[in-house]
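Trainee: Quick one: the structure is below, questions incoming.
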Amino acid sequence: MNLEKNGAELEGKVAIVTGSTRGIGRAIAEALAGAGASVVVTSRNQQDCDRTAAELETLGHSALGISIDASVPERVQTLVAKTTEHFGRLDILVNNAGIGGEEKPILDMTETEWDKTLSINLKGAYFTAQAAARQMKAQGTGGRIVNIVSLAGILAPKYASPYSAAKAGLMHLTKIMANEWARYGIRVNAVAPGYIETDMTRDLMADEKNAKAVMSKIALRRFGKASDVAGAVLFLVSGASDYVTGVTIPVDGGMHAV
Numbered sequence: 107m108n109l110e111k112n113g114a115e116l117e118g119k120v121a122i123v124t125g126s127t128r129g130i131g132r133a134i135a136e137a138l139a140g141a142g143a144s145v146v147v148t149s150r151n152q153q154d155c156d157r158t159a160a161e162l163e164t165l166g167h168s169a170l171g172i173s174i175d176a177s178v179p180e181r182v183q184t185l186v187a188k189t190t191e192h193f194g195r196l197d198i199l200v201n202n203a204g205i206g207g208e209e210k211p212i213l214d215m216t217e218t219e220w221d222k223t224l225s226i227n228l229k230g231a232y233f234t235a236q237a238a239a240r241q242m243k244a245q246g247t248g249g250r251i252v253n254i255v256s257l258a259g260i261l262a263p264k265y266a267s268p269y270s271a272a273k274a275g276l277m278h279l280t281k282i283m284a285n286e287w288a289r290y291g292i293r294v295n296a297v298a299p300g301y302i303e304t305d306m307t308r309d310l311m312a313d314e315k316n317a318k319a320v321m322s323k324i325a326l327r328r329f330g331k332a333s334d335v336a337g338a339v340l341f342l343v344s345g346a347s348d349y350v351t352g353v354t355i356p357v358d359g360g361m362h363a364v
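Be aware that the sequence shown starts at 107, since it is given in the working numbering, and climbs by one per residue.
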């Protein structure tokens, strides 16, 4: 799918995409920039942020890199402040920052492992959305927030309890945010990727036996691409979805339906 010429006009809009120096987040940042938005890319590493922003600017896009720890509310408040200081406003937030966490049985999970995953994947997304929504409310022109969740938050895979719980929680928070912020013209939705070809899934896909087992559960019989997720996000932040809020769109090749 070519997301550079997509018909979703975002000229003059400013977007933050957290966790956007690689993988799905990078594809989303590229798609929004390709649609005309000025994009703030983030990760924990400032060099990665600067490199990604520079690469976007080389393609003719307006971009800024800001390193943050999304699990610290004060840091995400600073992120929003720096964004508005640089670009003058904030129209779009894509909450993509997250970690896979430990994969082990619930009986063996430690409090530290649980807290780390929930702190980044749920708490971080919560306070990032809060900071963005406060700015959008103050501007008085509405806004669009997309939370990147996971098929793991819809299904119930074994040995991923912190990750699945965090993503399921964020899916429900998406509905609550949509209900609370609709009065301000802020739409909040979520995208739930299935098995997408990224660095995080490379080991799984390299194992032919495991890859075939997963593929057999996907209706379209292929793994997704980061651009598939970016396309769904682009729809949700564009005018084409102006009457859509509080929903989660699975991008999983039909896996949840098999």
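Glycine included, C-beta positions come from ideal geometry on N, C-alpha and C.
The ligand HEM heavy atoms versus the CB of R240: any closer than 8 Å?
Mentor: What this structure holds is no ligand at all, so the ligand HEM is not there to describe.
Trainee: Return the chain-ordered list of same chain residues with a C-beta closer than 7 Å to the C-beta of R327, the five sequence neighbours on each side being excluded.
Mentor: Translated into the one-based positions of the sequence shown, residue 327 becomes position 221. Cβ neighbours of R327 beyond the five flanking positions: M321.
Trainee: For T148, which beta-bridge partners are listed by DSSP?
Mentor: On the sequence shown, position 42 is the one that residue 148 refers to. T148 pairs with I172.
Trainee: Can you give the Cα-Cα distance for L116 and V145, rounded to whole angstroms?
Mentor: Numbered from its first residue, the sequence shown carries residue 116 at position 10. Numbered from its first residue, the sequence shown carries residue 145 at position 39. Cα to Cα, the separation comes out at about 11 Å.
Trainee: Which residues bound the alpha helix (DSSP H) around A298?
Mentor: Mapped onto the sequence shown, residue 298 falls at position 192. Where A298 is concerned, there is no enclosing alpha helix (DSSP H), although the beta strand (DSSP E) it sits in stretches over 292-299.
Trainee: Candidates M306, Q153, P263: which alpha carbon is nearest G129's?
Mentor: Taking the sequence shown and counting its residues from 1, the one referred to as residue 129 is at position 23. For the residues M306, Q153, P263, the minimum Cα distance to G129 belongs to M306.
Trainee: Between the C-alpha atoms of S168 and A231, what's the straight-line distance to the nearest angstrom?
Mentor: As a working note, residue 168 is residue 62 in the sequence shown. As a working note, residue 231 is residue 125 in the sequence shown. Roughly 24 Å separates the two Cα atoms.
Trainee: In angstroms with no decimal places, state the Cα-to-Cα distance between G366 and K281.
Mentor: The structure shown does not extend to residue 366, since the chain is modelled only from 107 through 364, so no value can be given for it.
Trainee: Would you list the one or two residues that DSSP bridges to N253?
Mentor: Working through the sequence shown from its first residue, we reach residue 253 at position 147. DSSP lists N201, A296 as partners of N253.
Trainee: What is the DSSP secondary structure of A262, counted as helix, strand or coil?
Mentor: The sequence position of residue 262 within the sequence shown is 156, counting from 1. Of the three classes helix, strand and coil, the one that applies to A262 here is coil, per DSSP.
Trainee: Which whole-angstrom value describes the C-beta separation of I122 and L228, a residue pair presumed to lie in contact below a C-beta threshold of 8 Å?
Mentor: Taking the sequence shown and counting its residues from 1, one reaches residue 122 at position 16. Taking the sequence shown and counting its residues from 1, one reaches residue 228 at position 122. Not quite, the Cβ-Cβ distance comes to about 18 Å (not below 8 Å), so this is no contact.
Trainee: Hey, would you say T124 sits closer than 9 Å to V200, going by beta carbons?
Mentor: Taking the first residue of the sequence shown as position 1, residue 124 is located at position 18. Taking the first residue of the sequence shown as position 1, residue 200 is located at position 94. The answer is yes: Cβ separation under 9 Å.
Trainee: Taking the continuous alpha helix (DSSP H) assigned at V120, which residues delimit it?
Mentor: Translated into positions along the sequence shown, residue 120 becomes position 14. Taken as a continuous stretch (DSSP letters only), V120 belongs to no alpha helix (DSSP H), being part of the beta strand (DSSP E) at 120-123.
Trainee: If you pair each beta-carbon of the region 293-302 with each one of the region 349-364, do three or more pairs fall below 8 Å?
Mentor: yes
Trainee: Return the CA-CA distance between G249 and E314, expressed in angstroms with no decimal places.
Mentor: Along the sequence shown, one-based indexing puts residue 249 at 143. Along the sequence shown, one-based indexing puts residue 314 at 208. Their Cα atoms are separated by approximately 43 Å.
Trainee: Using CA atoms only, rank isn't needed, just tell me which of G207, A274, A325 is closest to Y265.
Mentor: As a position in the sequence shown, residue 265 is number 159, starting the count at 1. Of the candidates G207, A274, A325, the one whose C-alpha sits nearest the C-alpha of Y265 is G207.
Trainee: Measuring only the C-alpha atoms, how far is A262 from V339?
Mentor: The residue labelled residue 262 in the question sits at position 156 within the sequence shown. The residue labelled residue 339 in the question sits at position 233 within the sequence shown. Using only the alpha carbons, I get a separation of about 24 Å.
Trainee: Report back the beta-carbon spacing between S333 and A143 to the nearest angstrom; my notes put them in contact at under 8 Å.
Mentor: By 1-based counting over the sequence shown, the position of residue 333 is 227. By 1-based counting over the sequence shown, the position of residue 143 is 37. Contact doesn't hold; Cβ gap of about 16 Å is too wide.
Trainee: Using a 10 Å radius around the Cβ and a threshold of 16 neighbouring Cβ atoms, would you call G118 buried or exposed?
Mentor: Taking the first residue of the sequence shown as position 1, residue 118 is located at position 12. Its Cβ having fewer than 16 others within 10 Å, G118 is exposed.
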